[in-house]
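Numbering (the working numbering), first residue to last: -17 to 154. Glycine included, C-beta positions come from ideal geometry on N, C-alpha and C.
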Ligand code: K2U
Ligand code: ZN
């Protein structure tokens, strides 16, 4: 297992549309998911899409366990949203690829998802609450979409200007 560098916006690689896993979930995919979880726990975060460590493949990991609770890692290969509620709810989102910027994003309150798990088994389940927010946030990453892309142009440009300045200062 390894902690991998997380791409930070603006970075054109984060805008890629990730490709589906073709064929069975292999040991190589499981090794990637292990690295993704180790990277996510180290960040720390509660979700991570493979593109955030530069791997344009449709894989997501997540762990919604509260601090001090036993870890509850979740793995999503080729996740799909089958249904989304009409009801939407705001949630103050952040992103490991958009550090130190938080803002409200409105998303469907409940979604029905289908995916392959760590062992390649097909799962269908409903998500609500933080699970629904996080899976939609991560699935946006698979389409090259960041949560700031849901904000006004003014807010998005403000966030990107702050990130560009931080990258310039880090390079000095
Ligand atoms: O994609 C990522 O960078 C992972 C996010 C997942 C996330 C974003 C918005 C709302 C919920 C989850 C990171 O975990 S951001 C850090 C964080 C941690 C706890 C709650 C919200 C955000
Ligand atoms: Zn994110």
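Q. Any idea which residues DSSP pairs residue 57 with across the strands?
A. Partner(s): 43.
Fill in: Nearest neighbour of residue 82, chosen from 11, 59, 130 and 24 [CA to CA]
When each option's Cα is compared against that of residue 82, the closest is 130.
Within 6 Å of the ligand ZN: residues by beta-carbon to any heavy atom:
Here the residues come out as 77, 78, 79, 119 and 123.
- Check: residue 115 C-beta below 8 Å from any heavy atom of the ligand K2U: With a threshold of 8 Å, the Cβ atom of residue 115 counts as near the ligand K2U, since some heavy atom of the ligand is closer than that.
Between -12, 100, 89 and -10, which has its C-alpha nearest residue 65's C-alpha? 89
Exercise for the section: With residue 23 as the anchor, note down where its alpha helix (DSSP H) starts and where it stops. Expected result: 9 to 24
Review point. If you scan the stretch 58 to 140 from start to end, which runs of the beta strand (DSSP E) of 3 or more residues do you find wholly inside it?
Key: Entirely contained in the stretch 58 to 140, the beta strand (DSSP E) runs reaching 3 residues are, in chain order, 70 to 77, 80 to 90, 92 to 98 and 104 to 110.
- Query: Does the Cβ-Cβ distance between residue 17 and residue 47 come in under 9 Å?
  - Reply: no
Helix, strand or coil for residue 145, going by three-state DSSP, please let me know. Note: residue 145 maps to helix in three-state DSSP.
Can you give me the C-alpha to C-alpha distance between residue 53 and residue 45, rounded to a whole angstrom?
Whole-angstrom Cα-Cα distance: 7 Å.
| request: Look up residue 154 in the DSSP assignment and say whether it is helix, strand or coil. | output: Under the three-state reduction of DSSP output, residue 154 falls in the coil class, being neither helix nor strand.
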